[in-house]
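Residues in the sequence shown are numbered from 8 upward in steps of one, following my numbering.
By construction, the Cβ of each residue, glycine as well, lies at the ideal position given by its N, Cα and C atoms.
As the structure is a prediction and not an experimental result, all values here were calculated from the model.
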Amino acid sequence: MQKTLSLVEPVTLDNYSGIIADIDFGDQQQFLISCAQYVGEIKPRRKVILANGDPDVWEQRIVYEDNEYPLNPIGITGWYKWPPFAEPRIWLGWFGVRSQLQRNGFGRAILAMTIDEINRVHPNIEWLYVFTDSAVEFYQKCGFEKRGTCVELGMAGEVSPDSTFKDDDVILRLQIQK
């Protein structure tokens, strides 16, 4: 039987149960803080204002399998604007599949759903970028082009101090098909 996946915007911290403990983003505390900020349970440290006048973008979705209760969360996806580049781009963030479900095609399916959702919500976005330290091969298999590390691209030190990204993380990009 084919599994049905759905993207659901989280509204409480409870929506993240099953995800927080089972997807390793390296800095689990920062991930938990991000989740709590997203649903409004704690205030963000600062308000992000984009210098080019574009509206701030930060969205998350929990990925559920099937539409039966209890809902079974299998992953998470999200996207944001950072920093405000002239190129119409968006960044993939907090993207992951629960460890016991990895290597079963869920990552590709969730990525395709994410791109469809970005096209729906932000039709002017042309590029999807991602930072990664461990999934370069996955993203390249999904069509992303390796751009280099922050250091190689002359962006060393530009990564926000409250993010989990490092100067040696690899940046990849994918042109979003319309």
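Would you call the CB atoms of residue i and residue j closer than 8 Å?
i: Y100; j: G112; result: The question names Tyr, but residue 100 in the sequence shown is Gly. No, the pair does not count as a contact, with Cβ atoms beyond the cut-off.
i: I132; j: P77; result: no
i: I69; j: P130; result: no
i: R127; j: E152; result: no
i: Y136; j: I178; result: yes
i: Y200; j: V64; result: A question about residue 200 goes unanswered here, because the residues of the chain that appear run from 8 up to 185.
Would you mind giving the Cβ-Cβ distance between residue i and residue j, rounded to the nearest angstrom? I have them listed as a contact below 8 Å.
i: F138; j: D176; result: 4 Å
i: S106; j: D29; result: 6 Å
According to DSSP, is residue i helix, strand or coil?
i: S41; result: helix
i: Q147; result: helix
i: S106; result: helix
i: T121; result: helix
i: N126; result: helix
i: Q184; result: coil
i: N111; result: coil
i: N131; result: coil
Excluding sequence positions up to five away, which residues of its chain have a Cβ less than 6 Å from the Cβ of residue i?
i: I26; result: P80, I83
i: F38; result: F32
Between residue i and the rest of its own chain, which residues show a CB-CB distance below 7 Å, the 5 nearest in sequence each way excluded?
i: L118; result: C149
i: L20; result: C42, A43, V46, E48
i: D73; result: K10, T11, N79
Take residue i and list the residues in its own chain whose beta-carbon comes closer than 8 Å to its own, dropping the five residues that flank it on each side.
i: I49; result: I40, A43
i: L160; result: R154, I178
Would you say residue i touches the ligand ATP, meaning its beta carbon is less than 7 Å from a heavy atom?
i: L160; result: In the structure shown, the ligand ATP is absent, as is every other ligand, since no ligand is present at all.
### Task
Would you check if the segment 10-26 and the segment 79-86 touch, i.e. whether three or more CB-CB distances between them fall below 8 Å?
Touching, yes.
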